[in-house]
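K.L.:
So that you can map any letter, position 410 of the sequence shown is 1713 in the working numbering, and since no number is skipped, the others follow by simple counting. All C-beta atoms in this analysis are idealised placements derived from N, C-alpha and C, irrespective of residue type, glycine included.
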Amino acid sequence: MKHTKVKDLLSSAPALHEVKAKGWVRTFRNNQFLALNDGSTINNIQCVVDFANTPEETLKRITTGAAVSVKGHLVESQGAGQKVEIQVTEIKILGDSDAEKYPMQPKKHSLEFLRENAHLRIRTNMFGAIMRVRSTLAFAVHQYFQEKGFFYVNTPIITGSDAEGAGEMFRVTALPFDGTPRTEDGKVNFKEDFFGRETNLTVSGQLEGETYAMALGQIYTFGPTFRAENSNTSRHLAEFWMIEPEVAFNNLADNMDLAEDFIKYVIKYTVDKCGDDLKFLEQRLLDEEKSKPQAERSEMTLLEKLSFVLDNNFKRVSYTEAIDILKNSKPNKNKKFQYLIEEWGADLQSEHERFLVEKHFKCPVILFDYPAKIKAFYMRLNDNTEPGKETVRAMDILFPGIGEIVGGSQREERYEVLLEKMKALGIDEKELYWYLDTRRFGSAVHSGFGLGFERLVLFVTGMSNIRDVIPFPRTPQNAEF
Ligand code: 4AD
Ligand code: MG
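1. Look at the alpha carbon of residue 1433 and the alpha carbon of residue 1581, and state the distance between them as a whole number of angstroms.
2. What first and last residue would you give for the beta strand (DSSP E) that runs through residue 1672?
3. Per the DSSP calculation, residue 1714 is bridged to which residue(s)?
4. Distance check for residue 1737 and residue 1511, CA to CA, integer angstroms please.
5. Is residue 1707 a contact residue of the ligand MG, with contact defined as CB to any heavy atom under 7 Å?
6. Using 7 Å as the cut-off, classify the Cβ of residue 1466 as near or not near the heavy atoms of the ligand 4AD, replying yes or no.
7. Under the criterion of a Cβ to heavy atom distance below 7 Å, does residue 1699 qualify as lining the ligand MG?
8. Provide the residue span of the alpha helix (DSSP H) that contains residue 1584, from first to last.
9. Is the separation between the beta-carbon of residue 1717 and that of residue 1696 shorter than 8 Å?
10. Keeping to the same chain, check which residues put their C-beta closer than 7 Å to that of residue 1675; ignore five residues upstream and five downstream.
11. Should residue 1751 be counted as a contact of the ligand MG given a C-beta to heavy atom distance under 7 Å?
12. Let me check you understand the geometry: is the CB of residue 1735 closer than 7 Å to at least one non-hydrogen atom of the ligand 4AD?
13. Tell me which residues share the same chain as residue 1709 and place their Cβ nearer than 6 Å to its Cβ, disregarding the 5 neighbours each side in the sequence.
14. Using DSSP bridges, identify the partner residues of residue 1525.
15. With residue 1374 and residue 1321 assumed to form a contact (beta carbons below 8 Å), what rounded beta-carbon distance in angstroms separates them?
16. Quick check on residue 1266: does DSSP put it in helix, strand or coil?
17. Can you give the beta carbon distance from residue 1555 to residue 1713, rounded, assuming they're within the 8 Å contact cut?
18. Sort out for me which residues DSSP pairs residue 1614 with in a bridge.
19. Identify which residue in 1702, 1707, 1673 and 1729 has its Cα closest to the Cα of residue 1691.
20. Using only the heavy atoms of the ligand MG, determine whether one of them is closer than 7 Å to the beta carbon of residue 1489.
21. Rounding to the nearest angstrom, what Cα-Cα distance links residue 1326 and residue 1651 in this structure?
22. Beta strand (DSSP E) containing residue 1503: first to last residue?
23. Roughly how many angstroms lie between the CA atoms of residue 1605 and residue 1409, to the nearest whole one?
24. Excluding the 5 residues flanking residue 1317 on each side, which residues of the same chain have their C-beta closer than 7 Å to its C-beta?
25. The ligand 4AD and residue 1754: does the residue's C-beta get closer than 7 Å to at least one heavy atom of that ligand?
26. Report back the beta-carbon spacing between residue 1538 and residue 1769 to the nearest angstrom; my notes put them in contact at under 8 Å.
27. So, with DSSP's three-state summary, where would you put residue 1699?
28. Helix, strand or coil for residue 1642, going by three-state DSSP, please let me know.
29. What are the boundary residues of the beta strand (DSSP E) that includes residue 1340?
30. Below 7 Å CB to CB, which residues in the same chain sit around residue 1730 once its five sequence neighbours on both sides are set aside?
31. Would residue 1446 be called buried (16 or more neighbouring beta carbons within 10 Å of its own) or exposed?
32. Less than 8 Å between the C-beta atoms of residue 1704 and residue 1762, yes or no?
33. Anyone know if the C-beta pair for residue 1367 and residue 1309 falls short of 8 Å?
34. State yes or no: is the C-beta of residue 1750 within less than 8 Å of the C-beta of residue 1558?
35. What's the call for residue 1757, buried or exposed, on a 16-neighbour Cβ count within 10 Å?
36. Within the same chain, show all residues whose beta-carbon is closer than 6 Å to that of residue 1529, passing over the 5 residues directly before and after it, in chain order.
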């Protein structure tokens, strides 16, 4: 007999025929009530074990974490909260779990402890919920773009280019098996690099994505990206997943429309599909909030926050307006916000972004037209800006509790202007000849953006540390898996 997923059993009506389920024991009470979870849903199915007719030896082996197979009848449940349960006729232990040694005890563990056990934390309700939500969001990303006629492009992971010009890259070196090449003083000889040239793990697929947009019209990437920034924050990972759409003939306003529509679509899709998981995560957040002083507690629950984003337009504000708001706002005079926003041209720090979103506008904000000096080389220079106050058609989307979730721009489509900019920044035009070719042959206005997938998962799950929304976080301390 084939086994049925717990999710499907829980939505079935009681029946006379036998059913079979396989999963892991969450708890086992009174030698009788087994809470079985198989990962298909956050909910366990209660299995009532016939202890009088089950060997003592087997009963002893029904421990938290053990893998079991149960056969029995699906009957109406007497217990609160579930319609059906399994009246067990046969139980088999598939894999024992030593109750003394199993790290995932049925109690509340700290997030720190769970991070150290990333391979087992997925067996908790919280991580089950987060990772099902993550998977659903990923599916929604593909569905959105595929429905709109975008093509999925896989851009290189190993690359010779530095797309963001920020230099925060992991170097890729091909070391021969027969001994690492060393210089005379014993150091690794990095001249022996990948195919004899310097290569890195990609920081963004954008530049390659642009070449595809200039042929297929509308494309998106969705892949791993790497940044060697040593930032120990709750918003940065060394390895994260990014979604980068790129569209020929779109200007900055079209780009903003696309980003807003896309984000709302994937959130709505996930709210509709992941009700049980989101309800659980909402309750977790409420419990967490209770430990905070009243004044710091969120006014909205998780699901209210998600519907708020769906029901309201993102506020579009220029960088210049944002600077004026920050300069004139009271928190700017407090110690917390007093530094940096002294003049136009400064880069915004996350505290400034969060002030704009959480205190001033109280909704997602799209900031645009940033000073050229603080943004990447490929962004379209605005016409008619004052010398010294040049701006580019950049846009960042800021989210409550997260800060920057999207970074994007209209691209510089004019060959001469792009070349000048590259020269001024010391970017080798020979290295990027292929990128310049898109401007040399059939250039056109085009735009795109990058959405940090984990930051989106953070927002939707209400978690507060980015290490808790990716299966195996790569941070400066953590790389053993
Ligand atoms: O703003 P960023 O650096 O933009 C780009 O890479 C552009 N090439 C995107 C484009 O226009 N196609 O990164 C985009 C987004 C950020 O807004 C943020 O959400 C996320 O990627 N991100 C990170 N997420 C986790 N950890 C990090 N270290 C991140 N760095 C950026
Ligand atoms: Mg950015």
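P.N.:
Short version:
1. 9 Å
2. Annotation for residue 1672: the continuous beta strand (DSSP E) segment containing it runs 1668 to 1674.
3. The partner list for residue 1714 (beta bridge, DSSP) reads 1682.
4. 9 Å
5. yes
6. yes
7. yes
8. 1578 to 1593
9. Going by beta carbons, residue 1717 and residue 1696 fall outside the 8 Å limit.
10. Correct list, in chain order: 1684, 1693, 1694 and 1695.
11. no
12. no
13. 1562, 1700, 1752 and 1754
14. Residue pairing for residue 1525: DSSP places it in a beta bridge opposite 1546.
15. 6 Å
16. The structure shown has nothing for residue 1266, since the chain only spans 1304 to 1784.
17. So it is a contact: roughly 4 Å between Cβ atoms.
18. According to DSSP, residue 1614 bridges with nothing at all.
19. 1673
20. no
21. Rounded to the nearest angstrom, the two C-alpha atoms are 49 Å apart.
22. 1502 to 1504
23. 25 Å
24. 1377, 1378, 1379 and 1387
25. Yes.
26. 6 Å
27. strand
28. Reliability fails at residue 1642, whose pLDDT of 46 lies under 50, so the model's placement of it is uncertain and the value that follows must be treated cautiously. Three-state DSSP puts residue 1642 in coil, outside helix and strand.
29. Its beta strand (DSSP E) spans residues 1336 to 1340.
30. 1468 and 1680
31. Classified as exposed, residue 1446 has fewer than 16 neighbouring CB atoms from the shown chains inside 10 Å of its CB.
32. For residue 1704 and residue 1762, yes; Cβs fall inside 8 Å.
33. no
34. yes
35. buried
36. 1473, 1504 and 1542
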